[in-house]
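Participant:
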Amino acid sequence: MKVLSVNCGSSSLKFQLYEMPEEKALISGVFERIGMKESFYTIKINGEKIKTETDLPNHKVAFEFLIKELKENKIVKSLDEIKGIGHRVVQGGSYFDKTVVVDEDVIAKIDELSSLAPLHNPAAITGIRAAQEVVPNATQTVVFDTAFHQTMEEENYLYAVPYEWYTDYKVRRYGAHGTSHKYVALRANQILGRNNTKLITCHIGNGASISAVKNGECINTSMGLTPNAGLIMGSRCGDIDATIVPYIMEKTKMSPKEVDTALNKKSGLLGISGVSSDSRDVEDGINKGNKRCALAQKMYVRRIIDYIAKYYVELEGCDAIIFTAGVGENSIGTRREVMDGLKVLGVIADPEANNVRGKETLITTKDSKIPCYIIPTDEELMIARDTYLLAK
Ligand code: AMP
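Residue -9 is where the sequence shown starts when you use our numbering, and the numbers rise one by one after that.
1) Starting from the N-terminal side, write out each stretch of the alpha helix (DSSP H) that is 4 residues or longer and does not extend beyond the stretch 51 to 121.
2) Assuming Ser257 contacts Ser225 (C-beta within less than 8 Å), just tell me the rounded distance between them.
3) Could you tell me how far apart the beta carbons of His139 and Thr211 are, in whole angstroms, since I believe they sit closer than 8 Å?
4) Tell me, please, which residues DSSP counts as bridged to Val6.
5) Which value, in whole angstroms, describes the spacing of the CA atoms of Thr251 and Val235?
6) Using a threshold of 7 Å, is the CB atom of Asn320 nearer than that to any non-hydrogen atom of the ligand AMP?
7) Would you say the beta carbon of Val291 comes nearer than 7 Å to a heavy atom of the ligand AMP?
8) Rounded to whole angstroms, what's the CA-CA distance from Asp209 to Arg270? Just pull it up for me.
9) Count the other C-beta atoms from every protein chain shown that fall within 10 angstroms of the C-beta of Gln180, then say buried if there are 16 or more, exposed otherwise.
10) Does the stretch 98 to 109 come close enough to the stretch 34 to 52 to have 3 or more Cβ pairs within less than 8 Å?
11) Label Met26 either buried or exposed according to how many other C-beta atoms from any shown protein chain fall within 10 Å of its C-beta, with 16 as the threshold for buried.
12) Expressed to the nearest angstrom, what Euclidean distance is found between the alpha-carbon atoms of Gly264 and Asp340?
13) Using only the alpha-carbon positions, how far apart do Ile57 and Ser68 sit?
14) Quick one: what's got a C-beta closer than 6 Å to Asp231's C-beta in the same chain, skipping five residues either side?
15) Work out the CA separation of Gly117 and Asp95 for me, nearest whole Å.
16) Quick check on Cys283: does DSSP put it in helix, strand or coil?
17) Suppose you measure from the CA of Glu22 to the CA of Ser1; what does that come to, to the nearest Å?
18) Measuring CB to CB, does Ile365 end up less than 8 Å from Glu342?
19) Measuring CA to CA, which of Tyr301, Tyr378, Asn218 is closest to Gly197?
20) Which whole-angstrom value is the C-beta distance of Ile72 and Leu16, which I expect to be below 8 Å?
21) Between Arg325 and Ile353, is the Cβ-Cβ spacing less than 8 Å?
22) Below 7 Å CB to CB, which residues in the same chain sit around Leu221 once its five sequence neighbours on both sides are set aside?
23) Below 8 Å on the Cβ atoms is my contact criterion, and I expect His77 with Thr131 to pass it. Report the Cβ-Cβ distance as a whole number of Å.
24) What is the rounded straight-line gap between the Cα of Ile338 and the Cα of Asp376?
25) Roughly how many angstroms lie between the CA atoms of Glu319 and Gly206, to the nearest whole one?
26) How many angstroms separate the CA atom of Tyr378 from the CA atom of Glu370?
27) Whose C-alpha, out of Ala150, Lys(-8), Leu215, Lys288, is nearest the C-alpha of Glu9?
28) According to DSSP, simplified to helix, strand and coil, what is Ala394?
29) To the nearest angstrom, how far is it from the Cα of Asp158 to the Cα of Ala120?
30) With a threshold of 7 Å on Cβ separation, who are the neighbours of Tyr290 within its own chain once the five nearest residues in sequence on each side are excluded?
31) Assuming the contact rule is C-beta atoms closer than 8 Å, Gly19 and Phe30 should be a hit. Round their C-beta distance to whole Å, please.
32) With a threshold of 7 Å, establish whether the CB of Ser269 neighbours any heavy atom of the ligand AMP.
33) Between which two residues does the alpha helix (DSSP H) harbouring Thr169 extend?
34) Between Gly195 and the ligand AMP, is the CB less than 7 Å from at least one heavy atom?
35) Look up Thr191 in the DSSP assignment and say whether it is helix, strand or coil.
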């Protein structure tokens, strides 16, 4: 059975087609600048990348090109071979604790939650509608970034603000990157050979979050109402004193939207270093003696260690720490600094094993009290797995 994983942004559509249950990736690609000038798409097949510049006025046209490519590359003969299409949705609120089949009620709920994810949820609906029109016989599913975190207890998901903010405005911790945390936690349990485990999963990419996972279920996570909370990220501030916001608004006369932009797009590694949101550029800056890059990296690593320590206590121990996503999989220096900061918990890094990028590896020594692993994440595959189970 062929299953398509889809991730729609307001002007983009990323996809990957799988043969299931073999989990064989057949073709992937991304459509960019949808609805804008100079739109194009890139297809990756058999290790080769092909770029096509063409008019993409909307997501439906992008889906039509996608299907044309699948047929021309002889990956499918007829549309009916695609039995499932799984859509990534950023915000599922308290409504969704698992992947579900799309119906009108589901779409209405995703729409209702758009105020919590104004850039992402409407784009996902556009993608679902387009897919329904172009591939009407496929089972459409929605896979939520927040679903994995729905197992948190209320003492971990509530903020200590007036309770009515929760009941009236849904203000609570929802978390993010749930599909990735779930994927690496499942894989870690396979590696450890059991499911009754205490894991700390670190998804450190441009956006970043850490989860505490007990017996396969999330008990706490660092992101909050929005993906701005928790760790210091590429350009997001992570946890700050909330009263900084009214204070700065009063001082600078910034609007709520301008402060939001500053906290999401001009903070984090970028805000402190003044150089870049990309950890590679910050590392380059450090090597050239840039003091603010060094400071940004110190703060970035400190926050990761703080969260791991907090979850170690909350889990009452830890069977494995997992590093994943862009920085977690690729930044040898950041991983080393984090592991060095965890020596007090008995973590002993293995410098040789850690000298690797993007590969599943144990990066601590035999004597380390907590093993640390790199596990490359695969959110698309997770979406395909869930969709396959619902479509079959
Ligand atoms: P993601 O959001 O998971 O795609 O991660 C993207 C981020 O990963 C980039 O912004 C970089 O900061 C980081 N990254 C990717 N490759 C490397 C690398 N080789 N060394 C350090 N950081 C990297």
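Ideal placement from N, C-alpha and C gives every residue a C-beta, glycine not left out.
Facilitator: Per the coordinate set shown:
1) 94 to 102
2) 6 Å
3) 5 Å
4) As written in the sequence, residue 6 is Gln, which differs from the Val given in the question. The partner list for Gln6 (beta bridge, DSSP) reads Ser(-5), Ser18.
5) 12 Å
6) yes
7) no
8) The sequence given here has Ile at residue 209, not Asp. Looking at the two C-alpha atoms, the distance is approximately 32 Å.
9) exposed
10) no
11) exposed
12) 32 Å
13) 9 Å
14) none
15) 16 Å
16) helix
17) 6 Å
18) no
19) Asn218
20) Going by Cβ atoms, the distance from Ile72 to Leu16 rounds to 11 Å, so no, they are not a contact pair.
21) yes
22) Ala198, Ser199, Ile200, Ser212, Gly228, Arg293, Ile294, Tyr297
23) 7 Å
24) 36 Å
25) 21 Å
26) 12 Å
27) Lys(-8)
28) No answer is possible for residue 394: it lies beyond the span of the chain, which begins at -9 and ends at 382.
29) 33 Å
30) Ile222, Leu259
31) About 11 Å; that fails the 8 Å criterion.
32) yes
33) 168 to 182
34) yes
35) strand
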